[in-house]
Amino acid sequence: MQGTNKAEFWLYEQDYATHLEDKLDLNLRYGDLRGGLGLFLYEPSKPWDAVRQPLRLLDYTVAYSPKMLEVLYGKFFQTFGKGLALRTYSDDDFRHYKSLNGLRFIGRLPRQTELVLLGARMRDIFFQENAYRVMNADSVHADTNDQVLGANLSSRPFSFAGFGGRYVRVNRTQDPTPKAFNELFGGDATISVGPVEIYGEVCQRLGTKPYVGGREKGFGYYLTGTVAIGSYSIVGEYVDYDKLGFPDVVLADRRTYRYTDPPTPIKSGVAINRGVDERGFGVTASGTPTAPLYVEASLGSLSAPRDSTKGVIEGEGKVRYSLGTDWTFEAKFNHMVQENIELHVASRATDKPTIHANYLFGQHTFAFEAEYNFVTEDTGHMVEPWKYHEAAISASYGYGEALLFTVGYQFVDMKLDRRFKGETSWPVVEAVWSITERNMLRVRIGSERGGYTCSGGVCREEAPFSGIKAQLISTF
Amino acid sequence: MKLILNIGLVLAFAAGALSAAEKEDYPLAQSFTLKDVTGAEVTLDSLLKVGPVYMECWDLPCVNCIAELDALMPVYDTLKERGLQIVALSVDKPADEARVKAFVKSKKWPYICLLDAQNEVKKAYGIIIKPTAYLINQKGEIVYTHIGYKKGDENRIKAEFLKWLPEESATEEKSEE
């Protein structure tokens, strides 16, 4: 048996509210039989409101998996292709758990061929405004709280070529319209020749206009190419989505749940509308000219063809250098311009240099990090845009394998009521204690600035935090 | 009352986990089959026939994971002849597969780089924080776990490797045969 447990306790300074959180995963294996048990608890202190509600979930998985097949019942994660038709995952860093619960069959055939069939219900747990919610639980705002049926065939019959095909049907629970479901048909192909690899995926959506009826079409194209020679490589990505994401109707209260989160070419994970109307590209070049030196440069752009007021462009350069075994240096510069991406922000341009240094001296480790963000922000109703600076600095000291202390300080040189609730500085101290090799305790006291953050095309506004956070992680 | 019960439940789990972690029995590592960055299928069982495996879970945004894999390169160079294998287990999204392959190539990592796009191995091993790494001996037992990384940890990890690798003279005799 194996497992992990993550327990957290948060105390909010402002009103002494608390929340307790626990995520336990147990896995058992006996021959070809596999079992799993998952417990997820989110317990906020009262008073509860529409956002802060307890969440108590118990999941299980039972699977029979001899060599050539697997039959599973319970909770699982599955992505077809690169995620245009179906993408479910567990992102612990971003606190986003998008899972399926039902039945899955996997057949493994010769020539690296795999067939996946599934019938399940989706559950999307997301952390926002310092609370966990099941995002697709509400049948009025969500379009995916009934069955998801899917089939995927992927094969690599030759070392230089592979292909795949898929079908996904997403039912709705509340819509009297005939054929009230969305169907996604997709296919992909891969070709690898020497240092070059090209992958292309296409996906077509056939949906039904809610309540009024009538077919609704959408499509998505995803193309990526890689050239890797010696210790240098370049990756290019192109995306084009038109009503692939659904539903594309945003209700007046803005709580419409969006089913898809197809890939975004923007390195920091920013997307415009998750597959409804997006077109863009991304390029990353990287290499190791000499053993201790690593360099990387990337450029990404994403726009909405039907709405020229929305778009994002990001460029980043990074250099990392190791001086012997004791010193490591990293310098990075990021430039980003976002237009009508965040709510109530017409445009936001940032230029952010960052430096990071690490030094090892016997049993002692020192780390230093500093970033300075030059921000120009316009809400669209201003005579002059705001120009301000955000900065963050942190210093860490570690002794042996068990202890790590960090002191950090973030500040902004303008009082922004809407963005930071009028606060301008956020000091924090953190201690990490590796109690044993399998148990780690982390305690953080102070404030966190929060802000707009994204991962894999899903974005949220992280609320500022002030108080105490304690986290205990155990593996067994 | 319910909150007290829930807190008690969580503390009981944590205490159980702590006490379980102190026992000397090593848990068995779950076997798996994954593709590496060249598209070839790799099984844990085949790797363990060669020598112990140090498997580290990483992804592109994890700076500490990449730092650990970079720092282990000199350690791997000195111990690979004794059978040590290091597996860099990427848990990046399927859409990042091309970037992962390009990154691994440009980093010149000598490791076995596996792609766990469906996060099956991540889930089977219960990995929730990155980096998390497991040292698996040739019996398939997880004999050492390393959570997190800070500079200098590679020296302590090397000391663990040396406990589970065959003696240097035994390896030389074997190669002479």
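Chains P and D supply the protein sequences, listed in that same order. Under the numbering used here, the first sequence has 359 at position 359, and the numbering climbs by one with no breaks. Under the numbering used here, the second sequence has 547 at position 71, and the numbering climbs by one with no breaks. Glycine included, C-beta positions come from ideal geometry on N, C-alpha and C.
Extent of the continuous beta strand (DSSP E) to which residue 425 (chain P) belongs:
In the first sequence, counting from the first residue as 1, residue 425 (chain P) sits at position 425. Per DSSP, the continuous beta strand (DSSP E) segment holding residue 425 (chain P) begins and ends at 425–436.
Whole angstroms are fine: how far does the CA of residue 96 (chain P) sit from the CA of residue 135 (chain P)?
For the purposes of this step, residue 135 (chain P) is taken as residue 135 along the first sequence, with counting starting at 1. For the purposes of this step, residue 96 (chain P) is taken as residue 96 along the first sequence, with counting starting at 1. Those two C-alpha atoms are separated by around 10 Å.
If the cut is a Cβ gap below 8 Å, which residues of chain D does residue 197 (chain P) touch?
One-based indexing of the first sequence puts residue 197 (chain P) at position 197. For residue 197 (chain P), the neighbours in chain D by C-beta distance under 8 Å run, in chain order, 574 and 577.
With a threshold of 16 other CB atoms inside 10 Å of the CB of residue 260 (chain P), please say whether the residue is buried or exposed.
If you number the first sequence from 1, residue 260 (chain P) lands on position 260. Per the 10 Å Cβ criterion, buried.
Tell me the start and end of each unbroken alpha helix (DSSP H) in the segment 373–461 of chain P that is at least 4 residues and wholly inside, in chain order.
The segment 373–461 of chain P contains these whole alpha helix (DSSP H) runs: 417–420.
Between residue 78 (chain P) and residue 108 (chain P), how many whole angstroms is the CB-CB distance? I'm expecting something under 8 Å.
For this step, residue 78 (chain P) is matched to residue 78 along the first sequence. For this step, residue 108 (chain P) is matched to residue 108 along the first sequence. Between residue 78 (chain P) and residue 108 (chain P) the beta-carbon gap is near 15 Å, outside 8 Å, which marks them as no contact.
When the Cα atoms are used, what is the spatial distance from residue 515 (chain D) to residue 577 (chain D)?
In the second sequence, counting from the first residue as 1, residue 515 (chain D) sits at position 39. In the second sequence, counting from the first residue as 1, residue 577 (chain D) sits at position 101. Residue 515 (chain D) and residue 577 (chain D): Cα-Cα distance of roughly 10 Å.
Taking only the alpha-carbon atoms, compute the straight-line gap between residue 72 (chain P) and residue 31 (chain P) and give it to the nearest angstrom.
Counted from its first residue, the first sequence places residue 72 (chain P) at position 72. Counted from its first residue, the first sequence places residue 31 (chain P) at position 31. Approximately 15 Å between the Cα atoms of the pair.
Relative to the alpha-carbon of residue 151 (chain P), which residue among P:161, P:137 and P:169 has its alpha-carbon at the smallest distance?
Your numbering for residue 151 (chain P) matches position 151 in the first sequence. Residue P:169 is the option with its Cα nearest to residue 151 (chain P).
Here's the rule: buried if 16 or more other CB atoms are within 10 angstroms of the residue's CB, otherwise exposed. What is residue 304 (chain P)?
Numbered from its first residue, the first sequence carries residue 304 (chain P) at position 304. Counting C-beta atoms within 10 angstroms of its own C-beta, residue 304 (chain P) has 16 or more neighbours from the protein chains shown and is therefore classed as buried.
Does any CB atom of chain P fall closer than 8 Å to the CB of residue 616 (chain D)?
Here the question's residue 616 (chain D) lines up with position 140 in the second sequence. It does not: the Cβ of residue 616 (chain D) has no partner Cβ on chain P nearer than 8 Å.
Do you know how far the Cα of residue 213 (chain P) is from the Cα of residue 3 (chain P)?
Here residue 3 (chain P) refers to the residue found at position 3 when the first sequence is read from its first residue. Here residue 213 (chain P) refers to the residue found at position 213 when the first sequence is read from its first residue. Our two residues, residue 3 (chain P) and residue 213 (chain P), have alpha carbons roughly 48 Å apart in a direct line.
Could you pull out every residue in the same chain whose Cβ sits closer than 7 Å to the Cβ of residue 229 (chain P), ignoring the five residues on either side in sequence?
For the purposes of this step, residue 229 (chain P) is taken as the residue at position 229 of the first sequence. Same-chain partners within the cutoff: 195.
Extent of the continuous beta strand (DSSP E) run through residue 540 (chain D)
Locating residue 540 (chain D) in the second sequence gives position 64, counting from the first residue. Element bounds for residue 540 (chain D): not the beta strand (DSSP E) but the alpha helix (DSSP H), 539–547.
Closest residue to residue 535 (chain D) among D:605, D:517 and D:615 (Cα-Cα distance)
Translated into the one-based positions of the second sequence, residue 535 (chain D) becomes position 59. Minimum Cα distance to residue 535 (chain D) is reached at D:605.
Helix or strand or just coil, what does DSSP make of residue 195 (chain P)?
The residue you call residue 195 (chain P) lines up with position 195 of the first sequence. Reduced to three states, the DSSP call for residue 195 (chain P) is coil.
For the candidate residues P:461, P:286 and P:357, whose alpha-carbon lies nearest to that of residue 540 (chain D)?
On the second sequence, residue 540 (chain D) is found 64 positions in, with the first residue counted as 1. The shortest CA-to-CA distance from residue 540 (chain D) to any of P:461, P:286 and P:357 is the one to P:357.
With 9 Å as the limit, tell me which residues of the segment 24–45 of chain P have their beta carbon closer than that to any beta carbon of chain D; keep them in chain order.
Within the segment 24–45 of chain P, the residues whose Cβ lies closer than 9 Å to some Cβ of chain D are 24, 25, 26, 27, 29, 34, 36, 39, 41, 43 and 45, listed in chain order.
Express the C-alpha separation of residue 98 (chain P) and residue 26 (chain P) in angstroms, rounding to a whole number.
Taking the first sequence and counting its residues from 1, one reaches residue 26 (chain P) at position 26. Taking the first sequence and counting its residues from 1, one reaches residue 98 (chain P) at position 98. Distance between the alpha carbons of residue 26 (chain P) and residue 98 (chain P) is about 19 Å.
Since residue 462 (chain P) meets chain D, which of its residues come closer than 8 Å, beta carbon to beta carbon?
Position 462 of the first sequence, counted from the first residue, corresponds to residue 462 (chain P). In chain order: nothing, as chain D lies at least about 16 Å away.
7 Å Cβ cut-off: residues of chain D touching residue 336 (chain P):
For the purposes of this step, residue 336 (chain P) is taken as the residue at position 336 of the first sequence. Chain D residues near residue 336 (chain P): none, gap ~16 Å exceeds 7 Å.
Between residue 233 (chain P) and chain D, is there a C-beta pair that is closer than 8 Å?
Start at 1 with the first residue of the first sequence, and residue 233 (chain P) comes out as number 233. Taking Cβ atoms only, chain D reaches closer than 8 Å to residue 233 (chain P), which makes this a yes.
Give me, in chain order, the residues of the same chain whose beta-carbon lies closer than 7 Å to that of residue 124 (chain P); leave out the 5 immediate sequence neighbours on both sides.
By one-based count along the first sequence, residue 124 (chain P) stands at place 124. Taken in chain order, the residues that qualify are 98, 134, 135 and 136.
Reduced DSSP category for residue 148 (chain P) - H, G, I as helix; E, B as strand; rest coil
By one-based count along the first sequence, residue 148 (chain P) stands at place 148. Residue 148 (chain P): strand per DSSP, three-state reduction.
Tell me whether the beta-carbon of residue 74 (chain P) lies closer than 8 Å to the beta-carbon of residue 62 (chain P).
Taking the first residue of the first sequence as 1, we reach residue 74 (chain P) at position 74. Taking the first residue of the first sequence as 1, we reach residue 62 (chain P) at position 62. It is a contact, given that the beta carbons lie within the stated cut-off.
Would residue 564 (chain D) and residue 625 (chain D) qualify as a contact pair, given that the criterion is a beta-carbon distance under 8 Å?
Numbered from 1 along the second sequence, position 88 holds the residue referred to as residue 564 (chain D). Numbered from 1 along the second sequence, position 149 holds the residue referred to as residue 625 (chain D). At least 8 Å separates the beta-carbon of residue 564 (chain D) from that of residue 625 (chain D).
Can you tell me where the beta strand (DSSP E) with residue 270 (chain P) in it begins and where it stops?
For the purposes of this step, residue 270 (chain P) is taken as residue 270 along the first sequence, with counting starting at 1. For residue 270 (chain P), there is no enclosing beta strand (DSSP E), as DSSP gives it neither H nor E.
Can you pull the chain D residues whose beta carbon is under 9 Å from the beta carbon of residue 440 (chain P), in chain order?
Position 440 of the first sequence, counting from 1, holds the residue named residue 440 (chain P). Result: 605, 623 and 624.
From residue 457 (chain P) to residue 88 (chain P), what does the alpha carbon distance come to, in whole angstroms?
Looking up residue 457 (chain P) in the first sequence gives position 457. Looking up residue 88 (chain P) in the first sequence gives position 88. Just so you know, the alpha carbons of residue 457 (chain P) and residue 88 (chain P) end up roughly 13 Å apart.
Coil, strand or helix - residue 45 (chain P) by DSSP:
What you label residue 45 (chain P) is simply residue 45 of the first sequence in a count that begins at 1. Of the three classes helix, strand and coil, the one that applies to residue 45 (chain P) here is coil, per DSSP.
Beta-carbon proximity check, residue 266 (chain P) vs residue 314 (chain P), cutoff 8 Å
As a working note, residue 266 (chain P) is residue 266 in the first sequence. As a working note, residue 314 (chain P) is residue 314 in the first sequence. Their beta carbons are under 8 Å apart, which means residue 266 (chain P) touches residue 314 (chain P) by this criterion.
Could you pull out every residue in the same chain whose Cβ sits closer than 6 Å to the Cβ of residue 487 (chain P), ignoring the five residues on either side in sequence?
Residue 487 (chain P) lies beyond the residue range present for chain P, which begins at 1 and ends at 476; the question has no answer from this structure.
Return the chain-ordered list of same chain residues with a C-beta closer than 6 Å to the C-beta of residue 513 (chain D), the five sequence neighbours on each side being excluded.
Within the second sequence, the letter at position 37 stands for residue 513 (chain D). Answer for residue 513 (chain D): 577, 580 and 589, listed in chain order.
Name the chain D residues that come within less than 9 Å of residue 77 (chain P), Cβ to Cβ?
Residue mapping note: residue 77 (chain P) aligns to position 77 of the first sequence, counting from 1. Think of a sphere of 9 Å around the beta carbon of residue 77 (chain P): the chain D residues whose beta carbon falls inside it are 594, 595, 596 and 599, in chain order.
Using a C-beta cutoff of 8 Å, does residue 156 (chain P) count as contacting chain D?
Translated into the one-based positions of the first sequence, residue 156 (chain P) becomes position 156. Interface residue, yes.
Closer than 8 Å is the cut-off here; do at least three beta carbon pairs connect the segment 234–244 of chain P with the segment 279–293 of chain P?
Segments in contact, yes.
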